[in-house]
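What follows is a set of notes on a single structure, which appears directly below.
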Amino acid sequence: MPEMTYLEAIRAAMHDEMEIDERVFVMGEDVGRQGGAFGATKELQQRFGELRSIDTPVAESGIVGVAVGAAMAGQRPIAEMQFADFVSCAYDQLITCAAKMHYRIGWAVPLVVRCPNGGGVGGGPYHSENVEAWFHHHAGLKIVCPATATDAYGLLRSAIRDPNPVVFCEHKFLYRRVKQQVATGPRDGVLVPLGKADVVREGSDLSIITYASTVQLALAVADTLEQEDLSVEVIDLRTLVPFDRDAVLDSVRKTGKTLIVHEDNLTGGFGGEVAAVIAQDAFEYLDAPVRRVAALDTPIPFAPPLEREYLPLEEDILSAARDLAAY
Amino acid sequence: MSTPARNISAVPEPAPAPRISDEEALNLYYWMVLTRATEERALNLYRQGKLPGSYYTGRGQEAISVGMAAPLRRGADGDWLSPWIRDLGSYLVHGVPVWRMFAQFMGKAGSTTRGKDGNLHIGGYEWNIPCQVSHMADMIPLTVGAALAYKQRGEDRVAVTSFGDGATSRGDFHEGLNIAAVLEVPAVFVAENNRWAYTTPISKQTKVTDLYKKALGYGIPAIEVDGNDVLAVYSAMSEAVAHCRAGRGPRFIECKTYRMAGHAAHDKYESYMPMELLAEWSDKDPLKRLEQALREERTIDEAKLEGIRTKVKDEVHEAVERADDDGFADPSEAHLGVFAEADTDA
Ligand SMILES: Cc1ncc(C[n+]2csc(CCOP(=O)(O)OP(=O)(O)O)c2C)c(N)n1
Ligand SMILES: [Mg+2]
């Protein structure tokens, strides 16, 4: 098994699906010759030709709209947003056309929109956004947020095969920072199903429910707290839609204490939904109020000290977890 | 030495005088009469309070809706057609049965959306008609995408969409046309310039009131036709479709016409539309014009035309009865279909 980065895993997933399914193609700004701003589609054009790795004009709404039409006409498009932030320009196409077509006439829209998501890279207000919560309110879109290279690979392959529109939020801070041995290959690569959370660490005193970039931070916190004789369970949601309620509820019923963590800002973030589900369906099991750690409710500032202030850091998670454990 | 100025995309030569057989012309007549009769009947039902929501008619624009759909291939393996809300005729010509149109207006189970969407938000895989959304111009990029799929697979199919003059102000119109031109896909864009967008006249919509010129700006060959002459629309469309099938990239047709009533049945248009212009355009009614051409230029027997009108009357009558008899979908239907289980449940 080759060791590869999260970014290489994403490329491998597209490559492997393109090898076995000629309906699969990529499109977006600079994805062809250049292989995209981050190199996720590198050499796909050389391998599969200009009709399957398409450089488009700078027009996100048009790109996603074209992908919806191609998907309906039998192809399996993967549309790349150069940065997740720019999916705001394609918002209408996603919620108006992609999300509601199947509900209205039973015509599937098998589409993936890849969104290089998140902060921590000095991108400032327009190159750092976490966009997953923009979409989870709208019925008809699946939302995937991988935290590891293995999941990035396996979830992306599942997303490409899924008959529904999928917003694939790949965290660009993780692109080159996480590495893993990943089982790839057109036929032998390992898929990860959409809708199944991962219990990445078992524990009995406290549950941290998280996804994407903050999974690593939660694991580090769990290590630290182990020294303090606290046993922390870490749940990686992996996909927000479908949402694995059972995995969350099972964990909370076991530990009685929950900390929800995400890099996205607090208000209206997905954590609010998780907290509501726990409040309704695991109330009798709770030994403490549900707590959330998330980013500030501000735009994402540029300068490193300001960005650090904005982001939820390991120490924020650690102190919230300690408080909760002591409750 | 100076380089001579060159058009990036010349206006195509006007299509040669239409060589449309009498049989084809009569077929167009049938669809135009059916379209008019269906809309008149639906408008009556609306006024009797039998249709929920509002009602939009394409009266006066039947030459466009019928003329643009008639040259296309029908069926799931046929051409993609995404018509605008004025284009009831397009749905009929492209295969949607009349009774299902009425079921749609009534919100019945037999509607193509099982009551989940209304008015001309009609579609289905079996006809290769995607279900349009309310948002003007959104279907333009989708149509480009379908055309891209056909090009990628080397199929000689085309994708067609229509829209109003108002839609040409939206970004998706411009993004869609630009991408279509750059990717050279087999898409035909049909603009229906009826000079109004709700209460806004075209002069307040755009400084370039010849809409085909916008397409030329994107490098798409474009023409304007008399949108009240079904034979003209039909031949322009046939020519554009042939061009697309031959792999020569997108085409644009502007149909000049006039909106013959309010935006929708609830709209008090008398307060803002000049009545003289309506009267003038009423004389150019596309159905009257076709009848005249059939009688005078083609010397078709009045009895033949009468036969078509009678057949249509019966069809519409039966369609309304069938839709009336149809039930509403079970309320549980509201929960179903958010996600597809597989591609094939389409
Ligand atoms: C994006 C969007 N904004 C507003 C509306 C409301 N609306 C419905 S039809 C219409 C005017 C349409 O004008 P035009 O495109 O010229 O088509 P016509 O009605 O004349 O056929 C408007 C503003 C809409 N459907 N979509
Ligand atoms: Mg108009």
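In order, the protein sequence lines correspond to chains X and W. Per my numbering, the first sequence starts with residue 1096, numbered consecutively. Per my numbering, the second sequence starts with residue 372, numbered consecutively. Note that beta-carbon positions come from the ideal geometry of N, C-alpha and C, so glycine has one too. For clarity, every value in this text was computed on a predicted model and none was experimentally measured.
Should residue i be labelled buried (16 or more other beta-carbon atoms within 10 Å of its own) or exposed?
| i | result |
| --- | --- |
| W/R418 | exposed |
| X/I1115 | exposed |
| W/Y583 | buried |
| X/Y1101 | buried |
| W/N490 | buried |
| W/R619 | exposed |
| X/N1360 | buried |
| W/R669 | exposed |
| W/I379 | Low confidence applies to W/I379: its pLDDT is 46, below 50, so where it sits in the model is not reliable, and the reading given next is rough at best. Classification for W/I379: exposed. |
| W/S453 | buried |
| W/N415 | exposed |
| W/G429 | buried |
| X/S1302 | buried |
| X/S1137 | Looking at the sequence provided, one finds Lys at residue 1137 of chain X rather than Ser. It is buried - the Cβ of X/K1137 has at least 16 other Cβ atoms within 10 Å. |
| W/Y400 | buried |
| W/Y643 | exposed |
| X/L1289 | buried |
| W/E704 | exposed |
| W/T681 | exposed |
| W/S373 | Bear in mind that a pLDDT of 46 at W/S373, under 50, signals an unreliable position, so the number given afterwards is only what the model happens to contain. Exposed: under 16 other Cβ atoms inside 10 Å. |
| W/L648 | exposed |
| X/P1399 | exposed |
| W/L707 | exposed |
| X/Q1170 | buried |
| W/G460 | buried |
Following the continuous alpha helix (DSSP H) through residue i, name the residue where it begins and the one where it ends.
| i | result |
| --- | --- |
| X/L1320 | 1309-1322 |
| X/H1233 | Run containing X/H1233: none; DSSP gives neither H nor E here. |
| W/E728 | Residue 728 of chain W lies beyond the stretch modelled for chain W, which goes from 372 to 717, so this question has no answer here. |
| X/L1335 | Looking at the DSSP string, X/L1335 is not in any alpha helix (DSSP H); the run it does join, the beta strand (DSSP E), is 1334-1336. |
| W/M631 | Per DSSP, W/M631 belongs to no alpha helix (DSSP H) and is neither H nor E. |
| W/E667 | W/E667 -> no alpha helix (DSSP H), and no H or E assigned at all. |
| W/D656 | From DSSP, W/D656 is part of no alpha helix (DSSP H); its letter is neither H nor E. |
| X/V1159 | 1155-1167 |
| W/K585 | 583-588 |
What residue from the options has the CA that sits closest to residue i's CA?
| i | options | result |
| --- | --- | --- |
| X/A1370 | X/A1254, X/L1354, X/P1152 | X/L1354 |
| W/Q663 | W/H506, W/L676, W/G466 | W/L676 |
| X/R1282 | X/T1100, X/H1110, X/M1099 | X/H1110 |
| X/T1350 | X/D1257, X/A1389, X/L1419 | X/L1419 |
| X/E1410 | X/V1388, X/R1252, X/P1394, X/A1421 | X/V1388 |
| X/M1176 | X/F1143, X/R1348, X/C1264, X/G1280 | X/C1264 |
| X/R1199 | W/G438, W/D488, W/L459 | W/D488 |
| W/F710 | X/T1279, X/L1332, X/V1356, X/A1193 | X/A1193 |
| X/R1147 | X/D1341, X/Y1306, X/R1403, X/E1112 | X/E1112 |
| X/V1182 | X/A1228, X/H1197, X/A1165, X/R1142 | X/A1228 |
| X/Q1311 | X/A1278, X/V1287, X/V1356 | X/V1356 |
| X/E1320 | X/V1385, X/A1415, X/G1215 | Per the sequence shown, the amino acid found at residue 1320 of chain X is Leu instead of Glu. Cα-wise, what sits closest to X/L1320 is X/A1415. |
| W/A635 | W/Y426, W/A607, W/R471 | W/Y426 |
| X/D1300 | X/T1191, X/L1335, X/K1352, X/R1256 | X/K1352 |
Following the continuous beta strand (DSSP E) through residue i, name the residue where it begins and the one where it ends.
| i | result |
| --- | --- |
| W/G535 | 530-535 |
| X/P1260 | 1260-1266 |
| W/C626 | 622-627 |
| X/D1293 | 1293-1296 |
| W/K479 | Segment: none, W/K479 is in no beta strand (DSSP E) and carries neither H nor E. |
| X/H1357 | 1353-1360 |
| W/L513 | Here W/L513 belongs to no beta strand (DSSP E); instead the alpha helix (DSSP H) covers 510-523. |
| X/F1378 | No beta strand (DSSP E) contains X/F1378, which DSSP labels as neither H nor E. |
| X/R1340 | That residue, X/R1340, is in no beta strand (DSSP E); its alpha helix (DSSP H) goes 1340-1350. |
Inset, instruction - Any chance you could list the alpha helix (DSSP H) runs of at least 4 consecutive residues sitting entirely within the stretch 1171-1213 of chain X, in chain order? - result: 1196-1200
Inset, instruction - Determine, using beta-carbon pairs with one atom in the stretch 1291-1300 of chain X and one in the stretch 1124-1138 of chain X, whether at least three such pairs fall under 8 Å. - result: no
Inset, instruction - Specify whether the stretch 558-576 of chain W and the stretch 606-623 of chain W touch according to this definition: at least 3 beta carbon pairs, one from each stretch, less than 8 Å apart. - result: yes
Legend entry - chain A contacts made by the stretch 1191-1220 of chain X, where a contact means CB separation under 8 Å: Note that chain A does not occur in the displayed structure, where the protein chains are X and W.
Inset, instruction - Enumerate, from N- to C-terminal direction, the unbroken alpha helix (DSSP H) stretches of 4 or more residues contained entirely within the stretch 394-477 of chain W. - result: 433-440, 459-464, 469-477
Inset, instruction - Tell me, please, whether the stretch 1215-1224 of chain X touches the stretch 564-576 of chain W by the rule of three or more beta-carbon pairs shorter than 8 Å. - result: no
Inset, instruction - Would you check if the stretch 1185-1192 of chain X and the stretch 1358-1370 of chain X touch, i.e. whether three or more CB-CB distances between them fall below 8 Å? - result: no
Legend entry - Residue ranges of each beta strand (DSSP E) within the stretch 527-580 of chain W, 3 or longer: 530-535, 558-564
Inset, instruction - Determine contact between the stretch 420-434 of chain W and the stretch 655-670 of chain W, defined as no fewer than three beta-carbon pairs at a distance below 8 Å. - result: yes
Inset, instruction - Flag this pair as touching only if the stretch 1227-1241 of chain X and the stretch 1152-1171 of chain X have three or more C-beta atom pairs under 8 Å; answer yes or no. - result: no
Inset, instruction - Note down, one range per segment and in chain order, each beta strand (DSSP E) of at least 3 residues found wholly within the stretch 594-623 of chain W. - result: none
Inset, instruction - Mind the definition here: the stretch 1370-1384 of chain X touches the stretch 1324-1336 of chain X only if three or more C-beta pairs lie below 8 Å; say whether that holds. - result: no
Inset, instruction - Check whether the stretch 1390-1398 of chain X touches the stretch 399-407 of chain W, taking contact to mean three or more Cβ pairs, one atom from each stretch, closer than 8 Å. - result: no
Inset, instruction - Answer yes if the stretch 586-600 of chain W comes into contact with the stretch 520-537 of chain W, meaning at least three C-beta pairs across the two stretches below 8 Å, and no otherwise. - result: no
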